[in-house]
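Under the numbering used here, the first residue of the sequence shown carries the number -14, and numbering increases by one thereafter.
A virtual CB, placed ideally from N, CA and C, is assigned to each residue, including glycine.
Predicted model, so just to flag it, every value in this text is computed and none were measured.
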Amino acid sequence: MHIPASSAREITTPEGTIRKYRVLPDAGVAHQVITTSSPATGSHLNKEVQEIYFIIEGTAVITVGEDSFEVGEKDIVVVEPMVPHSIRTEGLTYLTVTRPDWFFEQYEHVQGD
-14 MHIPASSARE ITTPEGTIRK YRVLPDAGVA HQVITTSSPA TGSHLNKEVQ EIYFIIEGTA
46 VITVGEDSFE VGEKDIVVVE PMVPHSIRTE GLTYLTVTRP DWFFEQYEHV QGD
């Protein structure tokens, strides 16, 4: 299977840019470049989607549940469904593999932090 870059859907958010690729009905990949923390305040969770982050460039503190990790190039972070998480950074490029494919309706912002 080949998925050309031209098939990606580009999404601009307050945090940066996402190039979202649909790989299979039950999996997705996104190339993300963020220039500020995500979300800007608090944290968020995915009700149904597992996310796996592969850090390409930059550094961040990623909080998953009660645990915080200082991450950098080639690190991997796994976020299970229903676990609040956030990314604190001034610049981070990473791939996100999602299962099932990410969809907005299952996203929830969590106040706090």
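Contact check, residue i vs residue j, beta carbons under 7 Å
i     : j   : result
H16   : R4  : yes
S28   : P69 : yes
T81   : E36 : yes
I41   : T78 : yes
T(-2) : V18 : no
Which residues DSSP lists as bridging residue i, in chain order
i      : result
I(-12) : According to DSSP, I(-12) bridges with nothing at all.
K5     : R(-6), A15
S53    : T48
E36    : V64, T83
I41    : Answer is none; I41 lacks a bridge partner.
T78    : V18, E42
Where residue i falls: helix, strand or coil (DSSP)
i   : result
E90 : helix
Own chain partners of residue i with C-beta closer than 7 Å, once the 5 adjacent residues on each side are dropped
i     : result
Y92   : H29, N31
V56   : I40, T44, A45, I47, V62
D11   : R84, P85, D86
R7    : G13, D86
R(-6) : K5
V49   : V62, V64, V68, H70
Any chain D beta carbon closer than 7 Å to residue i
i   : result
V49 : Considering every chain present, this structure includes no chain D. It has just one protein chain.
Same chain, Cβ closer than 6 Å to residue i, neighbours up to 5 away in sequence not counted
i  : result
L0 : The question names Leu, but residue 0 is Glu in the sequence shown. Closer than 6 Å at Cβ, skipping near neighbours: I19, T21, S23.
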